[in-house]
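**Student:**
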Amino acid sequence: GYVPPNYSESEISGWKTGLNRLTEVQPGWQKLKEYPAFYDEHKADVDRINEILATRITRFEKIISRMEANEWLTDEEKTWMKEDSNLSDEQNNLAGKLNKQN
């Protein structure tokens, strides 16, 4: 018979906390596009960090939705979970680099 995944509250909560953090920092990074002198000089890094944030937010939302529905994650979603550590590292490296420019 079918066995549901039964994700723990702490597991779901961890993903929700991560999502909240991402959505809190996203507007600040998007706002850099409003400063032409800075944005023009650091366009590739600003665009990349915003791309990473948007990707991670979308993925977190889908993973959380699946967990809350107590459905098994798809292979794609499992891959996203594995990839997230690398995206997080890249995001943090870019943030450090851009913060030094201010």
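First residue of the sequence shown? That's 226 in the numbering used here, and the numbers climb one at a time after it. Where a beta carbon is used, it is the ideal one built from N, C-alpha and C, also for glycine. All values derive from a computational prediction rather than experimental measurement.
Residues in its own chain within less than 8 Å of Q251 by CB, not counting five upstream and five downstream?
**Tutor:** N275, L278, A279, I282
**Student:** Quick check: the region 261 to 271 against the region 310 to 325, are there 3 or more CB pairs under 8 Å?
**Tutor:** The answer is yes - the region 310 to 325 touches the region 261 to 271, with three or more Cβ pairs under 8 Å.
**Student:** Can you give me the Cβ contacts of W305 inside the same chain, cut-off strictly under 6 Å, excluding the 5 residues immediately before and after it?
**Tutor:** R284
**Student:** Can you tell me whether A320 is helix, strand or coil according to DSSP?
**Tutor:** helix
**Student:** Which whole runs of the alpha helix (DSSP H) in the region 240 to 316 are 4 residues long or more, in chain order?
**Tutor:** 261 to 293
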